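Undergrad: Next up is a structure, given as structure tokens.
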Amino acid sequence: MNPYILATLLFGLGLGTTITFASSHWLFAWMGLEINTLAIIPLMAQSHHPRAVEATTKYFLAQATAAAMLLFASISNAWLSGQWDIHQMSHPLPTTLITLALALKIGLAPLHTWMPEVLQGLDLTTGLILSTWQKLAPFCLLLQVQPANATLLLVLGITSTLVGGWGGLNQTQLRKILAYSSIAHLGWMTLVLQFSPSLTFLTLLVYFIMTFSLFISFKISNATNINTLATSWAKAPALTSIIPLILLSLGGLPPLTGFLPKWLILQELTKQDLAPLATVAALSALLSLFFYLRLSYAMTLTMTPNNLTATLPWRLPSLQTTLPLAIASSATICLLPLAPATAALFTW
């Protein structure tokens, strides 16, 4: 892609998110989300592969549906209450519609079905943008919608954690596994959204760091399915030893960074007298942990069934810069000892 066009599209991505962040008016927030969607569509379709075009079309239809629903709900709110302010949602009907529209935007279950299909059709770089940056603006709006429908948010959250765990169990394509992982993590954030918004922000931040590490790792090892992972030890032995740690951090195992948000969320849910919900969420994390362990097992404890050593890939020096991966993977693995300071900052 032409660097000038790429710079314009990336600027559009940043501008759309910033407009949504800065707006207190529903029309401006909707406009920011639309700019965001229109900026990423050419990035998704740039390879001109039929699967990429199909994924782009599905993404466009899902986002257009969510945007129309959001616009309709905000107009209904203005009609019922006489004002467009995001912070003053007085009627339960527009509030519920807006929550559902934003859930469709970010891919919360049961409105998640577009997410695995779209991510499977994209390259890893665009998939990373879709899994991280594109979640910021809708989450910012979800945090601002008060008073939110508490039951709806809890149902969306627990459904997403369960669907994210179940859905990834029988997948062999890494991008679909990452999509279901994203759905499960978004469910954890939604569960605690109304009780502790700062904790939701912490979980989102840790999820971004972990997902960035994993996408960059797969990009450097050029892996798109589990079979490719089985041969990655011959290409990049150091990377092969780091990726299982990143995966286990995503699964939430101590003493890795991913344990921190899950631990604080379960603690917060228990404080709110929602121990059964916390139990179901913790059990759903075991489902996710199973497929992360499956990937780790495929990478470190199995050898690809090749009879000839000549079929193994050559270990060539990577031409890609690895400094971002080094920083992100260090943060993914080593930040748990900062838990007291993090808890003091994010759980006031």
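When the letters of the sequence shown are read in order and numbered with the UniProt record's numbering, they come out as residues 1 to 348. Beta carbons: idealized from backbone N, C-alpha and C, even for Gly. As the structure is a computational prediction, the values presented were derived from the model and not from experiment.
(1) Spatial neighbours of A109 within its chain, please: CB distance less than 8 Å, with the 5 preceding and 5 following residues excluded, ordered by chain position.
(2) Check for me: the alpha helix (DSSP H) holding M303 runs from which residue to which?
(3) According to DSSP, is Q144 part of a helix, a strand, or is it coil?
(4) Could you give the uninterrupted runs of the beta strand (DSSP E) lying entirely in the segment 216 to 294, keeping only those of 3 residues or more?
(5) Can you check which of these residues, W263, E54, S131, L143, is closest to M89 by C-alpha distance?
(6) Thinking just about the alpha-carbon of each residue, which of A29, M115, F195, Q63 is nearest to the one in G16?
(7) Using only the alpha-carbon positions, how far apart do L319 and L128 sit?
(8) On the criterion of 16 or more Cβ atoms from any shown chain inside 10 Å, does N77 qualify as buried, or is it exposed?
(9) Please name the residue, chosen from I98, F60, T56, that lies closest to F72 on a Cα-to-Cα basis.
(10) Would you mind giving the Cβ-Cβ distance between Q267 and F195, rounded to the nearest angstrom? I have them listed as a contact below 8 Å.
(11) Out of F259, A234, W166, point me to the one whose CA is closest to T302's CA.
(12) Check A310 in the structure and name its three-state DSSP category.
(13) Beta-carbon separation of L33 and T18 under 9 Å?
(14) Between which two residues does the alpha helix (DSSP H) holding M115 run?
(15) With the cut-off set at 9 Å, would you say L277 and L136 are in Cβ contact?
(16) Taking just the CA atoms, how far does V206 sit from L250?
(17) So for H25, helix, strand or coil by DSSP?
(18) How close, in whole Å, do the beta carbons of W114 and A62 come, if the pair is a contact with beta carbons under 8 Å?
(19) Please go through the same chain and pick out, in chain order, the residues whose beta-carbon is closer than 7 Å to the beta-carbon of M189, but skip the five residues on each side of it.
(20) Check S330 in the structure and name its three-state DSSP category.
(21) How long is the line joining the alpha carbons of L239 and T126, rounded to whole angstroms?
(22) What would DSSP say about Q173, mapped onto helix, strand or coil?
(23) Just the Cα atoms here: how many angstroms apart are L119 and P138?
(24) Give a yes or no on whether the C-beta atoms belonging to S181 and Y292 are separated by under 9 Å.
(25) Could you tell me if A310 is buried or exposed, where buried requires 16 or more neighbouring beta carbons within 10 angstroms of its beta carbon?
(26) Could you compute how far the alpha carbon of T342 sits from the alpha carbon of L111?
(27) Which word fits H185, buried or exposed, when buried means at least 16 other C-beta atoms lie within 10 angstroms of its C-beta?
(28) Roughly how many angstroms separate the alpha carbons of S23 and I35, rounded to a whole number?
(29) So the candidates are T257, L43, L80, T37; which of them puts its Cα closest to the Cα of A64?
(30) So which of L9, Q171, L100, T57 has the shortest CA-CA distance to L122?
(31) How would you label W26, buried or exposed, when you count the other beta carbons within 10 angstroms and need 16 or more for buried?
(32) Buried or exposed, going by whether 16 or more other CB atoms sit within 10 Å of the CB of G82?
(33) Is the separation between the beta-carbon of T96 and that of I209 shorter than 9 Å?
(34) Could you give the first and the last residue of the continuous alpha helix (DSSP H) run that contains F72?
(35) The alpha helix (DSSP H) spanning L338 covers which residue range?
TA: By the coordinates alone:
(1) If we look at A109 and ignore the five residues flanking it on each side, its Cβ neighbours are L156, T159, S160, L162, V163, G164, I183, G187.
(2) Looking at the DSSP string, M303 is not in any alpha helix (DSSP H), and its letter there is neither H nor E.
(3) DSSP places Q144 in helix when its eight states are reduced to three.
(4) Listed in chain order, there is nothing to give.
(5) When C-alpha distances from M89 are compared across W263, E54, S131, L143, the shortest belongs to L143.
(6) Minimum Cα distance to G16 is reached at A29.
(7) Near 20 Å, if we compare the C-alpha coordinates of L128 and L319.
(8) So N77 counts as buried.
(9) Taking F72 as reference, the option from I98, F60, T56 with the minimal CA-CA separation is I98.
(10) No, Q267 and F195 are not in contact; Cβ-Cβ is about 11 Å, not under 8 Å.
(11) Looking at the Cα atoms, A234 is the closest of the given residues.
(12) Since pLDDT at A310 reaches only 46, below the 50 mark, its modelled position is unreliable, and the value read off the structure follows with that caveat. Correct three-state label for A310: helix.
(13) Cβ atoms of L33 and T18: not closer than 9 Å.
(14) Run containing M115: 114 to 120, per the alpha helix (DSSP H) assignment.
(15) Taking 9 Å as the Cβ cut-off, L277 and L136 do not qualify as a contacting pair.
(16) Whole-angstrom Cα-Cα distance: 9 Å.
(17) Note: H25 maps to strand in three-state DSSP.
(18) Taking a contact as a CB-CB distance under 8 Å, the pair W114 and A62 counts as one, their CB atoms being some 4 Å apart.
(19) If we look at M189 and ignore the five residues flanking it on each side, its Cβ neighbours are T200, T203, L204.
(20) Collapsing the DSSP output to three states places S330 in a helix.
(21) Pairing L239 with T126, the inter-Cα distance amounts to about 21 Å.
(22) In the structure shown, the three-state DSSP call for Q173 is strand.
(23) Rounded to the nearest angstrom, the gap between the Cα atoms of L119 and P138 is 18 Å.
(24) It is a contact, given that the beta carbons lie within the stated cut-off.
(25) Note that A310 has pLDDT 46, beneath the 50 cutoff, so the model's placement of it is unreliable and no number is given.
(26) The straight-line gap from Cα to Cα measures roughly 32 Å.
(27) Classification for H185: buried.
(28) Cα to Cα, the separation comes out at about 14 Å.
(29) Among T257, L43, L80, T37, the Cα nearest to that of A64 belongs to T37.
(30) The shortest C-alpha separation from L122 is found at T57.
(31) The C-beta of W26 has 16 or more other C-beta atoms within 10 Å across all chains shown, which makes the residue buried.
(32) Exposed, because fewer than 16 other Cβ atoms sit within 10 Å of the Cβ of G82.
(33) Their beta carbons are not under 9 Å apart, which means T96 does not touch I209 by this criterion.
(34) Counting along the chain, the alpha helix (DSSP H) containing F72 begins and ends at 50 to 81.
(35) Where L338 is concerned, there is no enclosing alpha helix (DSSP H), because DSSP gives it neither an H nor an E.
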